[in-house]
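Under the working numbering, the first residue of the first sequence is numbered -3, with each subsequent residue one higher.
Just so it is clear, CB atoms sit at the ideal spot from N, CA and C, and this is done for glycine as well.
Just so we're clear, the structure is a prediction, and the values are computed from it rather than from any experiment.
Right, one structure below, let's go through it.
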Amino acid sequence: MKKKIQSKLLQWFEKTKRDLPWRKTRDPYAIWVSEIMLQQTQVATVIPYYQKFLKTFPTIRSLARADLSKVLKVWEGLGYYSRARNLHRAAKTILNHFDGKIPHNLKDLLSLPGVGRYTAGAILSIAFNQEVPILDGNVKRVLSRLFAMTGVAKKTENLLWKYSASLIPEGYAGSFNQALMDLGATICTPKNPLCLRCPLNKLCKAYRIRKPEHFPFKNPKKRIPHIEAVAAVILKDGHVLLNQRPVKGFLGGLWEFPNWPVEGKKDLIEYLKLKVKSELGLRVKGKVPLGTFQQTYSHFKLTLHVFYCQYFGSRRTTRWVAINDLDQLAMSRIDRRIAKMVSGER
DNA sequence: AATACGGGGCT
DNA sequence: AGCCCAGTATT
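Structural data, given as structure tokens:
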């Protein structure tokens, strides 16, 4: 059974493996970067970011020496910005404590921020061909179907890791682990899996009972709250007022137009004026609606009402940014859309 | 064990 | 509109 799985899968992989940028290199740094970017992010989304990131930061040293603001700017739009922050921190650690080389043992890799069990296994198997298992969404789906495993509790998770480890063929860890992921991504898909083309269909328990989509067991998802907020584009001599978010937490380190959540049904313009005064110490006039923007995040949905304001007077003025420089700062998707309108791009 | 953490591709 | 994505860190 095990030998059959190994040979079938490796053979299929050699024939049909995807042509991906990070499969053209043996540089552990490049593979590390790709693995961080691929966390919870689809391959097609990652590719252009991967190219640009490696062009901008070709080595660990260049990344470690860069300013975080520049790293965030290159990462802009990819999401989960703590990944960029952790990558940057880890590069410094590698330079200072690991002789500038990616560690090739589990313990040291796991000590790096942003590197968990999956990523450590991916780096060790793909970059160094060590027989270390991986378990991502693809592998979970493939193995849970192959063995018709029920439940997603801790116990099942541990069992999946054990299966993943036990299946690795000696000397072929990198190819085999990538083959498992390719199979999950292209054949053993969440919906409408292409079982007829699957190299493992004769061995697959879920296929035998004709219920591949019953695995893996999905836990019920909870609804996410809907937040409403107002934002101000405050103009003054070709500049706008921006706020930089705290480095830790949601959209950490990114720049944004000042904004405040709205509770209940308020007069939006009155509320905005109040907040601008109390929070920014600014007086503004105008308050022309610029638009309403929607953005769905992983844990809430945002509706943002944006208003143009004219600077009128203030007790303190800080963080004015020239409109022409808006494209230099890292912003989240929703603020970038506002900034483009302000700059006159559409 | 549950939650925070982005944004987009696909149905 | 909902699901899912080459997960990790924190609580």
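Neighbourhood of residue i by C-beta, 8 Å cutoff - its chain only, sequence neighbours within 5 removed
| i | result |
| --- | --- |
| THR55 | TYR25 |
| LEU68 | TYR77, ALA80, ARG81, GLY249, LEU250, ALA326 |
| HIS84 | LEU59, ALA60, ALA62, LEU64, VAL67 |
| SER162 | LYS(-2) |
| PHE94 | ASP104 |
| PHE308 | LEU278, ARG279, VAL280, LYS281 |
Contacts around residue i, its chain only, beta-carbon distance under 6 Å, and the 5 residues preceding and following it disregarded
| i | result |
| --- | --- |
| PRO99 | LEU105 |
| VAL111 | LEU105 |
| SER121 | VAL128, ALA169, GLY170, ASN173 |
Residue i - containing alpha helix (DSSP H), residue span
| i | result |
| --- | --- |
| ILE43 | 39 to 52 |
| GLN290 | Per DSSP, GLN290 belongs to no alpha helix (DSSP H); it is in the beta strand (DSSP E), 278 to 292. |
| HIS93 | 78 to 93 |
| THR182 | 169 to 182 |
| ARG241 | Here ARG241 belongs to no alpha helix (DSSP H), and DSSP marks it neither H nor E. |
| GLY75 | Here GLY75 belongs to no alpha helix (DSSP H), and DSSP marks it neither H nor E. |
| TRP28 | 24 to 33 |
| GLY117 | 113 to 118 |
| GLN2 | -2 to 12 |
| GLY110 | It is not in any alpha helix (DSSP H) - GLY110 carries neither H nor E in the DSSP assignment. |
| VAL338 | 329 to 339 |
Cβ neighbours of residue i in the same chain (closer than 7 Å, five flanking residues each side left out)
| i | result |
| --- | --- |
| TYR46 | PRO17, TRP18, VAL29, SER30, MET33 |
| GLY418 | The displayed coordinates of the chain run from -3 to 342. Any statement about residue 418 would go beyond what the structure contains. |
| GLY282 | TYR304, CYS305, GLN306 |
| ILE394 | Residue 394 falls outside the range modelled here, since the chain spans only -3 to 342, and no answer is possible. |
| PRO109 | ASN82, ARG85, ALA86 |
| TYR114 | ILE130, LEU131, ASP132 |
| ASN400 | With the chain running from -3 to 342 in the structure shown, residue 400 is simply not present. |
Delimiting residues of the beta strand (DSSP E) encompassing residue i
| i | result |
| --- | --- |
| ALA318 | 316 to 318 |
| LYS232 | 222 to 232 |
| PRO257 | 255 to 257 |
| SER237 | For clarity, residue 237 is Leu in the given sequence; the question names Ser instead. Here the beta strand (DSSP E) through LEU237 covers 235 to 237. |
Alpha carbon of residue i to alpha carbon of residue j, nearest angstrom
| i | j | result |
| --- | --- | --- |
| PHE303 | LYS262 | 15 Å |
| PHE172 | TYR159 | 13 Å |
| ILE43 | PHE213 | 30 Å |
| PRO189 | ILE183 | 6 Å |
| LEU142 | ILE27 | 28 Å |
| THR37 | ARG241 | 23 Å |
| ASN215 | GLU341 | 43 Å |
| ARG362 | ASP23 | Past the boundaries of the shown model lies residue 362; the chain is included only from -3 to 342, so the question cannot be answered. |
| TYR287 | LYS232 | In the sequence under discussion, the amino acid at residue 287 is Gly, which differs from the Tyr named in the question. Going by the C-alpha atoms only, they are around 20 Å apart. |
| ALA123 | GLU166 | 15 Å |
| GLN346 | SER3 | The structure shown does not extend to residue 346, since the chain is modelled only from -3 to 342, so the question has no answer here. |
| GLY147 | PRO186 | 16 Å |
| ALA335 | LYS20 | 37 Å |
Local Cβ density within 10 Å of residue i, reported as buried at 16 or more and exposed below that
| i | result |
| --- | --- |
| SER274 | exposed |
| LYS11 | exposed |
| PHE49 | buried |
| VAL284 | exposed |
| HIS295 | exposed |
| ALA118 | buried |
| ILE220 | exposed |
| GLU252 | buried |
message = Count Cβ pairs between the region 226 to 235 and the region 191 to 202 that sit closer than 8 Å; are there 3 or more?
response = Fewer than three beta-carbon pairs drawn from the region 226 to 235 and the region 191 to 202 are found closer than 8 Å, and the two stretches are therefore not classed as touching.
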